[in-house]
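Quick notes on the structure that follows.
There are 2 protein chains.
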Amino acid sequence: MYSTTEENYLKTIYKLQAQLGTFINTNAIADGVNTKAASVTDMVKKLSEKKLLSYEKYKGVQLTEKGKKVAVETLRKHRLWETFLHNQLGFTWDAVHDIAEQLEHIQSNELVEKLDAFLGFPSHDPHGDPIPGRNGVIKESNFILLSVLKKGEKGIISGVVNHSSLFLQHLEKNKLTLGKTITITEVSSFDLSMAALLEGKEKIQLSNEVVKNILIKKLA
Amino acid sequence: MYSTTEENYLKTIYKLQAQLGTFINTNAIADGVNTKAASVTDMVKKLSEKKLLSYEKYKGVQLTEKGKKVAVETLRKHRLWETFLHNQLGFTWDAVHDIAEQLEHIQSNELVEKLDAFLGFPSHDPHGDPIPGRNGVIKESNFILLSVLKKGEKGIISGVVNHSSLFLQHLEKNKLTLGKTITITEVSSFDLSMAALLEGKEKIQLSNEVVKNILIKKLA
DNA sequence: CTAATTTTTTAGACTAGCCTAAAAATATTT
DNA sequence: AAATATTTTTAGGCTAGTCTAAAAAATTAG
Numbered sequence: 040m041y042s043t044t045e046e047n048y049l050k051t052i053y054k055l056q057a058q059l060g061t062f063i064n065t066n067a068i069a070d071g072v073n074t075k076a077a078s079v080t081d082m083v084k085k086l087s088e089k090k091l092l093s094y095e096k097y098k099g100v101q102l103t104e105k106g107k108k109v110a111v112e113t114l115r116k117h118r119l120w121e122t123f124l125h126n127q128l129g130f131t132w133d134a135v136h137d138i139a140e141q142l143e144h145i146q147s148n149e150l151v152e153k154l155d156a157f158l159g160f161p162s163h164d165p166h167g168d169p170i171p172g173r174n175g176v177i178k179e180s181n182f183i184l185l186s187v188l189k190k191g192e193k194g195i196i197s198g199v200v201n202h203s204s205l206f207l208q209h210l211e212k213n214k215l216t217l218g219k220t221i222t223i224t225e226v227s228s229f230d231l232s233m234a235a236l237l238e239g240k241e242k243i244q245l246s247n248e249v250v251k252n253i254l255i256k257k258l259a
Numbered sequence: 040m041y042s043t044t045e046e047n048y049l050k051t052i053y054k055l056q057a058q059l060g061t062f063i064n065t066n067a068i069a070d071g072v073n074t075k076a077a078s079v080t081d082m083v084k085k086l087s088e089k090k091l092l093s094y095e096k097y098k099g100v101q102l103t104e105k106g107k108k109v110a111v112e113t114l115r116k117h118r119l120w121e122t123f124l125h126n127q128l129g130f131t132w133d134a135v136h137d138i139a140e141q142l143e144h145i146q147s148n149e150l151v152e153k154l155d156a157f158l159g160f161p162s163h164d165p166h167g168d169p170i171p172g173r174n175g176v177i178k179e180s181n182f183i184l185l186s187v188l189k190k191g192e193k194g195i196i197s198g199v200v201n202h203s204s205l206f207l208q209h210l211e212k213n214k215l216t217l218g219k220t221i222t223i224t225e226v227s228s229f230d231l232s233m234a235a236l237l238e239g240k241e242k243i244q245l246s247n248e249v250v251k252n253i254l255i256k257k258l259a
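Listed below in structure tokens is the structure:
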């Protein structure tokens, strides 16, 4: 139905729209899909003709419902494949993204539904991101940043903000994986780093750079 | 490394070479990859420059070792994915080909090896075709055509010659699936159709068109 | 509220892969 | 061996997606 390139543009614009509000500018898209602004202008015109987004010269771009639907479907496929790669094939969570980036463009509705069932209808991918349902609904998680916890509070690691391999590998190395419990024992007012207990026993030290990129489900 | 299109050309030429001998002509390739002869000439020049095949004008084409390697790797991926789709996701054997046609071009050696392990290092795909090993070796099966069996002889259904959806669906409908035992009770000298017993009990009638497209492992 | 800077768009060109129509080579008949 | 038919290649052109360089619009600064 839509080309790999078109799907990538839509997915990127969708994500930017979630972060930055409604109108998305050319440079941001160029950055997201790894091309030059001139190429984005071309593609955006094409997507506009196909009614996947609305475009006004020099103003920016906004997905239509049709465009959003394609974006969310692509996101759903991406996250299902990531889950498959991690849960079934045993890939580490930093390795799944690049492969899922290819797999998300395989065309077959039956495949997506069968994969979903095979995985047990997972609600979140290996990075803690919610997997859109067949209907396109994304269940918003009530996860918060680890950095907002105060001394004495605790939570369960439930997702990440930064998805880079470098960051994910750092977390892996320090056993900071999904599902682990963290209890804050101290917050430095100098550099905002945190001292904490992992699983209630192991003492660890977390830089601000780290804690502001981890999402947790707060425990009472 | 190589584009989807290049891989498809190489895979097609490889299969033709196995059937027709060494030199493959332009029209046969055009047929296999679903384009026109003129397009094949273009692509064949390109593949020749990349040392994936040797090409002599008006003479035809022959894969180099390098080209064969790419073709076999693609075949390996195709058959592993078909096995995944059938054995794990529960696709019928006539539905797996088209999806595997897309999945075979996903680039990641690690993925192929992990998938292979996940599937338990299968030797054959859902159509009974052998899956090339990591080393590129294809274990030749000693399957024979069901049509060569004589009255009283029996065998286990182990593969198909014709891979079309139509034929596979026909077999499925008549419970002629991989692993079933067939015992020949009569061969008509008029139309070469066969009367047989399925799993030693159910009486069935098989047209010559069917029996010459089924591969079996002969039983003593 | 002009001037300088940044962002975006246009213009023109490139590659991969495909096409049609015509020309050239090969194969088949007679 | 010449004539006809078939196969293959060349020539020229198309689309999708990309690029650089230059022009135009919008934004920021003085």
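Sequence lines, in order, name chains S and H. If you read the first sequence in the numbering used here, its first letter stands for residue 40, the second for the next number, and so on. If you read the second sequence in the numbering used here, its first letter stands for residue 40, the second for the next number, and so on. All C-beta atoms, glycine included, are put in the ideal place defined by N, C-alpha and C.
Would you mind telling me which residues of chain S sit closer than 7 Å to Ser260(H), beta carbon to beta carbon, in chain order?
Any question about residue 260(H) goes unanswered here, given that chain H covers just 40 to 259.
For Phe182(S), is the classification buried or exposed, using 16 other Cβ atoms within 10 angstroms of its Cβ as the cut-off for buried?
buried
How would you list, in chain order, the residues of chain S whose beta-carbon sits under 9 Å from the beta-carbon of Leu154(H)?
Leu128
Quick check: what's the CA-CA separation for Leu15(H) versus Ala57(H)?
Residue coverage of chain H in this structure runs from 40 to 259, which leaves residue 15(H) outside it and unanswerable.
Could you tell me which residues DSSP puts in a beta bridge with Ile243(S)?
Ala235(S)
Which same chain residues, not among the five before or five after Asp164(H), have their C-beta less than 7 Å away from its C-beta?
Around Asp164(H), the same chain offers Arg118, Glu121, Thr122, Ile170 as residues with beta carbons nearer than 7 Å, after the five sequence neighbours per side are excluded.
Over what stretch of residues does the alpha helix (DSSP H) that includes Gln58(S) continue unbroken?
43-59
Rank Tyr41(S), Lys153(S), His166(S) by C-alpha distance to the C-alpha of Phe206(S) and give the top, closest one.
His166(S)
Report the rounded CA-to-CA distance for Thr43(S) versus Lys105(S), giving the unit in angstroms.
17 Å
Is Gly194(S) helix, strand or coil when you go by DSSP?
strand
Phe182(S) touches chain H at which residues, Cβ-Cβ below 8 Å?
For a Cβ distance threshold of 8 Å, nothing in chain H lies close to Phe182(S): the least Cβ distance comes to about 29 Å.
Measure the CB-CB distance between Lys50(S) and Ala139(S) and report whether it falls below 8 Å.
Cβ distance not < 8 Å, so Lys50(S) and Ala139(S) don't count as in contact.
Could I get the ranges of all uninterrupted alpha helix (DSSP H) runs contained in the region 48-120 of chain S, with 4 residues as the minimum, in chain order?
For the region 48-120 of chain S, the full-length alpha helix (DSSP H) segments reaching 4 residues or more read 65-72, 76-88 along the chain.
Based on the DSSP secondary-structure assignment, which residues constitute the bridge partners of His136(S)?
Answer is none; His136(S) lacks a bridge partner.
With which residues is Ile253(H) paired in a DSSP beta bridge?
Val199(H)
Residues of chain S with a CB under 7 Å from the CB of Leu142(H): which are they?
Ile145
Helix, strand or coil: how does DSSP classify His163(H) here?
It is a strand residue.
Alpha carbons only, please: which of Lys190(H), Tyr48(H), Lys257(H) is nearest the one belonging to Asp81(H)?
Tyr48(H)
Would you call the region 147-154 of chain S and the region 189-198 of chain S touching, i.e. three or more CB-CB distances under 8 Å?
no
Identify the contact partners of Leu207(H) in chain S, using a Cβ-Cβ distance below 8 Å as the criterion.
Result: empty, since nearest Cβ-Cβ is about 16 Å, beyond 8 Å.
What's the C-alpha gap between Thr224(H) and Ile253(H)?
17 Å
Terminal residues of the continuous beta strand (DSSP E) containing Val226(S)?
220-226
At least one CB of chain H closer than 8 Å to the CB of Leu119(S): is that the case?
no
Where do the ends of the alpha helix (DSSP H) carrying Lys212(S) lie?
Per DSSP, Lys212(S) belongs to the alpha helix (DSSP H) from 204-212.
What does a CB cutoff of less than 7 Å around Thr65(S) pick up in its chain, not counting 5 residues either side in sequence?
Ala76, Val79, Thr80.
For the alpha helix (DSSP H) that Leu150(H) lies in, which residues bound it at each end?
Counting along the chain, the alpha helix (DSSP H) containing Leu150(H) begins and ends at 148-157.
Closest to Val249(S) by C-alpha separation, out of Glu45(S), Asn201(S), Phe229(S), would be which residue?
Asn201(S)
Looking at the strands, I want to know which residues DSSP matches up with Pro171(H).
Paired residues: none, contrary to the question.
May I have the straight-line CA-CA distance separating Thr74(H) from Met233(H), to the nearest angstrom?
39 Å
Quick check on this structure: which residue in Lys98(H), Tyr97(H), Leu102(H) has the alpha carbon closest to the alpha carbon of Ser87(H)?
Leu102(H)
Which term fits Tyr97(H), buried or exposed, when burial requires 16 or more other beta carbons within 10 angstroms of its beta carbon?
exposed
Could you tell me the distance, in whole angstroms, from the CA atom of Glu143(H) to the CA atom of Gly159(S)?
Roughly 25 Å separates the two Cα atoms.
Can you tell me whether Leu124(H) is helix, strand or coil according to DSSP?
helix
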